[in-house]
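Numbering of the sequence shown is given in the numbering used here, commencing with residue -4 and proceeding in unit increments. Glycine included, each C-beta is placed from N, C-alpha and C at the ideal position. Have a look at the structure below, then the notes.
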Amino acid sequence: MLKRNGLVYLMSIFLFSNCTKEENIFQGDLSDEETFAIFEECRDNNDNQLSTQKEISENLIGEWRLVSNACGFCVPLKKAPNATLTFDQNSGVLDLEYGGVDDTLLTFDWVLEDNRLVTTPSHFALPINTFCEEYILFDGRANDGLMMIYQKQ
């Protein structure tokens, strides 16, 4: 009986020791820890967010690069998406490589409505609603959607 219990114990250790690998939650240039730090610094801390339409509009002008993304209930992409956003006064360009599935080169017009980016035409990579000096982002994972963080270049 003791041998049998010992064998079961050893098999359990072997079985469960192989199941401890954790995969990254986010894809992109940033580690999970760096992404969570941006959430704390930018999304979760209102003092670090740009709050007026004038501040946001002036800060948006320029080029932004996708540095982290995740999806609430999506099949993970084999390769992290690559995207750049370029804004001028009233229009912008999205250059998105999204795993060959939804690759896009899109020119759009933009306005801010209640401190949310509204684009015409709309696109799943553009519902930005959090604006900080160095990062802009949105996080729809709670609704099984996307999260994307862009960094100013």
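**OP:** Could you work out which residue in Glu58, Gly23 and Arg38 is closest to Thr81 when comparing CA atoms only?
**Re:** Residue 81 sits at position 86 when you count from the first residue of the sequence shown. Here the closest residue by C-alpha is Glu58.
**OP:** With a floor of 4 residues, list each alpha helix (DSSP H) that falls wholly inside the region 28 to 109, ordered by position along the chain.
**Re:** When DSSP assignments are scanned along the region 28 to 109, the uninterrupted stretches of alpha helix (DSSP H) that are 4 or more residues long and fall wholly within it turn out to be 48 to 55.
Original post:
Is Asn19 near Met143, with beta carbons less than 8 Å apart?
Top reply: Stepping through the sequence shown from its first residue, residue 19 is reached at position 24. Stepping through the sequence shown from its first residue, residue 143 is reached at position 148. Cβ distance not < 8 Å, so Asn19 and Met143 don't count as in contact.
**OP:** Determine which residues share a DSSP beta bridge with Arg111 and list them.
**Re:** In the sequence shown, counting from the first residue as 1, residue 111 sits at position 116. Answer is Glu108.
Original post:
Hey, is the region 111 to 119 in contact with the region 30 to 46, meaning 3+ C-beta pairs nearer than 8 Å?
Top reply: The region 111 to 119, when compared against the region 30 to 46, does not touch it at the 8 Å Cβ threshold.
Original post:
What span of residues does the beta strand (DSSP E) with Phe133 cover, start to end?
Top reply: On the sequence shown, residue 133 is found 138 positions in, with the first residue counted as 1. For Phe133, the enclosing beta strand (DSSP E) covers residues Tyr130 to Asp134.
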